[in-house]
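Colleague: Have a look at the structure that comes next, please.
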Amino acid sequence: MLRRVADRRAFPLRSSTRGPDSPTALRAFDTNAVGLVRVTQAALPLLRKSANPTVVTISSSAGSFWAVTNPDRVGRTPKESARVVVRLATLDADGPTGTFQDESGEVPW
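Read in order, the letters of the sequence shown are residues 16 to 124 in the working numbering.
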């Protein structure tokens with residue numbers, strides 16, 4: 016039985032004045048979006064056997080317009096980030112779902 020899956024994917028896009036080319040953009044999408052679906056689907060048979068199946072998808076705030084334009088927003092260490100992941104992965108069945116969370120709670124996306 017599998018109770019929790021934590022998944023973090025990253026495929027950085029190198030910055031240029033023209034942006035990424037199509038193959039690079041497709042690789043990034045495949046890694047960051049489709050990869051999440053693949054990992055979740057692979058875990059589903061075991062998650063279905065759990066009384067409280069949990070999937071925690073880990074993301075950086077770099078994709079959040081709110082986070083990158085908020086002057087009061089500060090970065091955190093890997094240790095601080097791990098605390099957030101552990102907190103979310105150990106919530107009971109009544110915990111938040113379908114939201115982006117950090118150490119302070121829900122993050123506007």
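Beta carbons are placed, not taken as given, at the ideal position from N, Cα and C, and that holds for glycine. Since the model is a prediction, treat every value here as computed from it, not as a measurement.
For G120, list the residues DSSP reports as bridge partners.
Modeller: Its beta-bridge partners are D117.
Colleague: Which same chain residues, not among the five before or five after L106, have their C-beta less than 8 Å away from its C-beta?
Modeller: Counting only Cβ-Cβ distances below 8 Å, and skipping sequence neighbours, we find T69.
Colleague: Quick one: Cα of E118 to Cα of D109, how far?
Modeller: Cα-Cα distance, rounded: 18 Å.
Colleague: Apart from the five residues on each side of it in sequence, which residues of its chain come closer than 6 Å, Cβ to Cβ, to R88?
Modeller: Excluding residues within five positions, the ones whose Cβ falls inside 6 Å are A82.
Colleague: Is V89 helix, strand or coil when you go by DSSP?
Modeller: Here V89 sits in coil by DSSP.
Colleague: Please check the pair P35 and A43, which I expect to be a contact at CB under 8 Å, by giving their CB distance rounded to whole angstroms.
Modeller: Sure, about 7 Å apart at Cβ, within 8 Å.
Colleague: Compare the C-alpha of V101 against each of I73, S65, L61, A57 and name the closest.
Modeller: The option with the nearest alpha carbon to V101 is I73.
Colleague: Give the straight-line distance between the Cα atoms of V52 and K64, rounded to the nearest whole angstrom.
Modeller: Near 19 Å, if we compare the C-alpha coordinates of K64 and V52.
Colleague: Is it buried or exposed, L41, if we count other Cβ atoms within 10 angstroms and call 16 or more buried?
Modeller: It counts as exposed.
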